[in-house]
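Colleague:
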Amino acid sequence: MLVVAVSLCVGAPLAGVVTARWTYDEARATATVQRAERHRVHAVAVGGAGAGAPSALAGRQHLYRVRVLWREPGAGARTATAHVPPGTRRGDTVDLWLDAHGRPVAAPPSAVAVRQHTVAMGIGAAGLTTGVVLLARTAVRRTVVQRRLMEWERAWARTEPEWTGRRA
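Next up, the structure:
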């Protein structure tokens, strides 16, 4: 029980903290790379959002696919399909993120998204560690109980003839 208690009280939180720290470093590095590789342009919605069914979900908000138009220096006017929030009307300005090749991509994760991901991974690692410890405890306990029951059966097989007067 001492090993289980220490594992649950020290091991699980430690696994959560180590995982969260590693995840934070990785997610922050990924976000930095994505911010360097992508750039934001202000585009104008050519169509309105809400005409059909939503095509994506961002957080708790449904997003709609709409054609947008923007101008790039030296490249002229360009169009693409972008995900926009409901209520976006024709002529509204929306932010559009583009990769190095000029293709629309998702926005790089914000600092809040990085922290949320970090917390979720840390909690998940602590929970997984707790589950593994409790599963191991259950397996060891089951093995010990089975062994005790087998010893009880062997002892009873030796003692029962003396108590009941039957011969085996």
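In short: position in the sequence shown from 1, add 1019, done, that's the numbering used here. Every residue, glycine too, gets a C-beta built ideally from N, C-alpha and C.
Which two residues bound the contiguous alpha helix (DSSP H) that contains Gly1141?
Modeller: What you label residue 1141 is simply residue 122 of the sequence shown in a count that begins at 1. Element bounds for Gly1141: Ala1130 to Thr1183.
Colleague: Could you tell me the distance, in whole angstroms, from the CA atom of Val1124 to the CA atom of Leu1147?
Modeller: Residue mapping note: residue 1124 aligns to position 105 of the sequence shown, counting from 1. Residue mapping note: residue 1147 aligns to position 128 of the sequence shown, counting from 1. Whole-angstrom Cα-Cα distance: 33 angstroms.
Colleague: Using a Cβ-Cβ cut-off of 8 angstroms (strictly less than) and excluding sequence neighbours within five positions of Ala1096, which residues of its own chain qualify?
Modeller: The residue you call residue 1096 lines up with position 77 of the sequence shown. If we look at Ala1096 and ignore the five residues flanking it on each side, its Cβ neighbours are Leu1088, Trp1089 and Arg1090.
Colleague: Do Arg1057 and Pro1127 count as a contact pair if the criterion is CB distance below 7 angstroms?
Modeller: Counting from 1 along the sequence shown, the entry for residue 1127 is found at position 108. Counting from 1 along the sequence shown, the entry for residue 1057 is found at position 38. Contact flag set, yes.
Colleague: Could you give the first and the last residue of the continuous beta strand (DSSP E) run that contains Leu1115?
Modeller: Here residue 1115 refers to the residue found at position 96 when the sequence shown is read from its first residue. Per DSSP, Leu1115 belongs to the beta strand (DSSP E) from Thr1112 to Leu1117.
Colleague: Taking the beta carbon of His1102 as the centre, do at least 16 other beta carbons fall within 10 Å, making it buried, or is it exposed?
Modeller: In the sequence shown, the residue the question calls residue 1102 occupies position 83. So His1102 ends up on the buried side.
Colleague: So what's Arg1097 in DSSP terms, helix, strand or just coil?
Modeller: By 1-based counting over the sequence shown, the position of residue 1097 is 78. Looking at Arg1097 - three-state DSSP - the assignment turns out to be strand.
Colleague: On the three-state DSSP scale, how would you describe Arg1090?
Modeller: Counted from its first residue, the sequence shown places residue 1090 at position 71. In this structure, Arg1090 counts as strand in the three-state DSSP scheme.
Colleague: Distance check for Ala1062 and Ala1130, CA to CA, integer angstroms please.
Modeller: Working through the sequence shown from its first residue, we reach residue 1130 at position 111. Working through the sequence shown from its first residue, we reach residue 1062 at position 43. The alpha-carbon atoms of Ala1130 and Ala1062 are separated by roughly 24 angstroms.
Colleague: In the structure shown, what three-state DSSP assignment does Pro1032 receive?
Modeller: The sequence position of residue 1032 within the sequence shown is 13, counting from 1. Three-state result, Pro1032: helix.
Colleague: Helix, strand or coil: which one does DSSP assign to Ala1125?
Modeller: As a working note, residue 1125 is residue 106 in the sequence shown. Of the three classes helix, strand and coil, the one that applies to Ala1125 here is coil, per DSSP.
Colleague: State the DSSP-derived secondary structure class of Val1037, mapped to helix, strand or coil.
Modeller: Here residue 1037 is taken as the residue at index 18 of the sequence shown, counted from 1. Correct three-state label for Val1037: helix.
Colleague: How many angstroms separate the CA atom of Ala1158 from the CA atom of Gly1035?
Modeller: In the sequence shown, counting from the first residue as 1, residue 1158 sits at position 139. In the sequence shown, counting from the first residue as 1, residue 1035 sits at position 16. Between Ala1158 and Gly1035, the C-alpha separation is close to 24 angstroms.
Colleague: For the 8 angstroms Cβ check, are there 3 or more pairs between the region 1045-1054 and the region 1160-1178?
Modeller: Segments in contact, no.
Colleague: By Cβ distance, which residues of its chain are closer than 8 angstroms to Val1152, with the 5 residues on each side in sequence left out?
Modeller: Translated into positions along the sequence shown, residue 1152 becomes position 133. Within the same chain, Val1152 has close Cβ partners Val1023, Ser1026, Leu1027, Gly1030 and Ala1031.
Colleague: In the DSSP assignment, the beta strand (DSSP E) including Val1023 goes from what residue to what residue?
Modeller: To locate residue 1023, count along the sequence shown from 1; it is residue 4. Premise fails: Val1023 lies in the alpha helix (DSSP H), Leu1021 to Val1025, not in any beta strand (DSSP E).
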